[in-house]
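A.B. asks:
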Amino acid sequence: MILLVIDMQKGIVDEDLYAYDTFLDRTVRLVDAARKNNVEVIFVQHEAGKGSGLSVGDEAFEIIDRIRPEQGEKVFVKTINSCFGNKDFKAYMKSQKDKRLMIVGLQTNYCIDATVKSAFERGYDVIIPEGTNSTFDNDYITGETAVRYYNEDVWDGLADVVSFDEALGLLQ
């Protein structure tokens with residue numbers, strides 16, 4: 576299994592996210608559990624383009640300190656929603672024998688959704704731990720509604736949305 580951590584960057588991990596405290600706590604706990612149990616952790620950062628504030632070299636681009644990548648952990652940069660848009664990430668994943676992919680991070684209705692669908696299309700067994708993806712309110716939908724909609728409806732048949740405790744158990 577691989578734990579894929581998407582867009583946990585300083586510029587977008589903030590208290591305006593839906594269920595922020597639970598989301599952050601659970602994501603940190605899963606990264607810690609994966610590391611403790613020698614489960615590979617891969618980080619992906621979103622590069623929004625020069626001058627966006629969320630670009631290579633910007634403080635906001637960096638992964639949050641609480642889960643900063645450790646030596647030897649892979650970090651990929653993407654410029655579109657799906658992590659599979661990065662050719663190096665796609666090639667690395669294709670080379671892996673284990674096709675179980677646990678996905679956590681931001682944002683539910685953008686990069687998480689695109690990556691879940693791309694992974695499913697490529698034959699991965701996708702696992703989504705409850706409470707480990709989040710998003711912001713926008714003009715059309717609240718963060719809570721978006722998270723519930725994707726986790727409880729959109730990903731039905733594409734991913735296994737499991738309890739947090741079950742996810743911890745899978746990492747052991």
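Going by our numbering, the first residue of the sequence shown is number 576, and it counts up by one from there.
A virtual CB, placed ideally from N, CA and C, is assigned to each residue, including glycine.
As the structure is a computational prediction, the values presented were derived from the model and not from experiment.
#1: Can you give me the start and stop residues for the beta strand (DSSP E) that Glu615 sits inside?
#2: Please report the Cβ distance between Ile639 and Lys585, rounded to the nearest whole angstrom; I am assuming they are in contact, meaning their Cβ atoms lie under 8 Å.
#3: Looking at C-alpha atoms only, which residue of Asp600, Glu615, Ile581 and Glu648 is the closest neighbour of Lys672?
#4: Report the start-end ranges of each beta strand (DSSP E) in the stretch 650-712 that is 3 residues or longer and not cut off at the edges.
#5: Please name the residue, chosen from Gln646, Phe636, Tyr667 and Gln620, that lies closest to Tyr656 on a Cα-to-Cα basis.
#6: Hey, out of Asn708, Asn726, Lys649 and Val631, whose CA is closest to Asp589's CA?
#7: Below 8 Å on the Cβ atoms is my guess for Asp591 versus Phe739; work out the distance and round it to an integer in Å.
C.D. replies: Per the coordinate set shown:
#1: Locating residue 615 in the sequence shown gives position 40, where the first residue counts as 1. Glu615 to His621 is the extent of the beta strand (DSSP E) around Glu615.
#2: Locating residue 639 in the sequence shown gives position 64, where the first residue counts as 1. Locating residue 585 in the sequence shown gives position 10, where the first residue counts as 1. About 6 Å; that satisfies the 8 Å criterion.
#3: Within the sequence shown, residue 672 is the residue found at index 97, counting from 1. Lys672 has its Cα closest to that of Glu615, out of Asp600, Glu615, Ile581 and Glu648.
#4: 675-681 and 700-704
#5: As a first step, residue 656 must be located in the sequence shown, where it is residue number 81. The residue you asked about is not Tyr; residue 656 is Asn in the sequence shown. Looking at the Cα atoms, Gln620 is the closest of the given residues.
#6: Residue numbering aside, residue 589 sits at position 14 when the sequence shown is read from its first letter. Ranking Asn708, Asn726, Lys649 and Val631 by Cα distance to Asp589 puts Asn708 first.
#7: Numbered from 1 along the sequence shown, position 16 holds the residue referred to as residue 591. Numbered from 1 along the sequence shown, position 164 holds the residue referred to as residue 739. Going by Cβ atoms, the distance from Asp591 to Phe739 rounds to 22 Å, so no, they are not a contact pair.
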